[in-house]
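In our numbering, the protein residues as written are 401 to 897. Backbone N, C-alpha and C define an ideal beta-carbon position, used for all residues, glycine too. Notes for the one structure printed next.
Structure follows, in structure tokens:
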């Protein structure tokens, strides 16, 4: 029997072009004796763990098999017949170097190819761009219609309600009006910059991995079905509140990642499978932490995860199932939109919340019209007119002087300016009084806070004008009016955040 090749013979005789090809070559050189990876790693100063990852890939591909060894040498490896065929087949060697399946179409080869290749998350980047473009367009709408970019960026539903609805957010009442497209458009609308930032970070982190696992078109199918499915579940169970955001789609991607790892981990090296399971847990915990933010609908998350898991199982069969079944199984996805529609119709017939939505539909329409009317007529007006009046009052330095130190010419000018501003503010207060009460609670609350601000400011300007006219000093009661204006202004500004 010939002697086993020494490490120096094994390492020096075969130039390594690629780790996999090199291992096969050294196994062939050592034949008919085993090749010992431990001795090779020690001779070249290589990490055994790093070497064993390559060996496990080759073992899973069926190109090498384990052979007995000694405590000093460790287990050995020998070529299988398939390994010898690959080593003598230039085309097969080329596929091996490129990380492609040695046996075309084999499930294990495809799975391992997925983790070997460099990620190119094209669809993920496209979805990120679409979400950012929609949000930027919303900021332009907020700036152009007087809502205010600040309120939009902070996710203020009261002030930016019209913008979020224009972008595509969905409520139960929208479905009663036949606007079913909003179940899809709501996936690309985000309520505030913080919500957008967290969602896009999660999409960047999770989307790139899921796209690498499933491929581009399967990834897009998962994203769309999970996003729309999550919104269907959310609207079915809670139709009274607006729904927006990519969270249902993101939970669907996490579920699809879990399906892929569960179904395919037996084809991966153990260390790689363990690393992927750990990453899955980290991503799931991270996503759960993000969705604990206020204003994110938990039903949307649950619905997206369920739909994502179902679609992923269908796509797993389509990718690796028997040939006659692979494309037929895609027909299972066709009824899913109708299933979502049927589910919402069922909830409409049985869920008391939908009965409330249907009963309040006319009031909701009136409430939305009231809110839009108030925003258009008063938001910008209150901001501008109170700001101008306070600027005149704050710049009237003569009010801080003792009566005998006030110059008559200055007093005349300041009285005139204060009188002009007081008339403007009084007209604002009269208009706000005549406008109410509104039926919609948020609109009525905004009207009342705006009215309190205007009335307090009118009282302060009247008092200031009186002190100048009478030539008297400020009293403690006058100072209290100053404080009342400041408190009313603070309450109004809180409403706009």
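Exclusion of the five residues before and after residue 528 leaves 600, 603, 604 as the residues of its chain whose Cβ lies within less than 7 Å of its Cβ.
Beta-bridge pairing by DSSP links residue 465 to 478.
Within the same chain, Cβ atoms closer than 8 Å to the Cβ of residue 869 are found at 815, the five residues on either side in sequence being excluded.
In terms of Cβ geometry, residue 455 and residue 477 form a close pair [threshold 8 Å].
When the Cα atoms are used, residue 544 and residue 641 turn out to be separated by approximately 26 Å. Taking C-alpha positions only, residue 851 is separated from residue 638 by approximately 34 Å.
Considered as a whole, the region 736–798 harbours 736–750, 752–759, 761–774, 780–795 as its complete alpha helix (DSSP H) runs of no fewer than 4 residues, in chain order. When the alpha-carbon of residue 533 is set against those of 487, 518, 593, 559, the nearest one is in 593.
Remark: C-beta atoms of residue 570 and residue 583 approach each other more closely than 8 Å. Between the alpha carbons of residue 745 and residue 589 lies a gap of roughly 24 Å. Beta bridge pairing from DSSP links residue 524 with no other residue. If you compare the alpha carbons of 830, 772, 782 with that of residue 843, the shortest gap goes to 772. Runs of the alpha helix (DSSP H) spanning 4 or more residues and lying entirely within the region 560–630 occur at 572–576, 582–585, 593–614, in chain order. Note that the C-beta distance between residue 707 and residue 616 is not below 8 Å. Following the DSSP letters along the chain, one finds residue 426 inside the alpha helix (DSSP H) bounded by residues 419–430. Ranking 422, 766, 872 by CA distance to the CA of residue 804 puts 872 first.
For residue 490, the enclosing alpha helix (DSSP H) has its first and last residue at 490–497.
Proximity to residue 670 across 459, 429, 434 peaks at 459, based on C-alpha coordinates. Proximity of the region 474–488 to the region 422–442 meets the contact definition, three or more beta-carbon pairs being nearer than 8 Å. The region 697–724 contains, as complete alpha helix (DSSP H) runs of 4+ residues, the segments 698–720 (chain order). Annotation: the continuous alpha helix (DSSP H) that includes residue 870 extends over 841–870.
Inclusion of residue 825 and residue 777 in the CB contact set at 8 Å is not warranted, their separation being larger than that value.
Between residue 817 and residue 792 a beta carbon distance of about 5 Å is seen, short of the 8 Å cut, so the two are scored as contacting.
Under the three-state reduction of DSSP output, residue 891 falls in the helix class. The way I'd put it, the region 709–721 does touch the region 657–666; three or more beta-carbon pairs between them come closer than 8 Å. Residue state for residue 470 is assigned as strand, using DSSP reduced to three classes.
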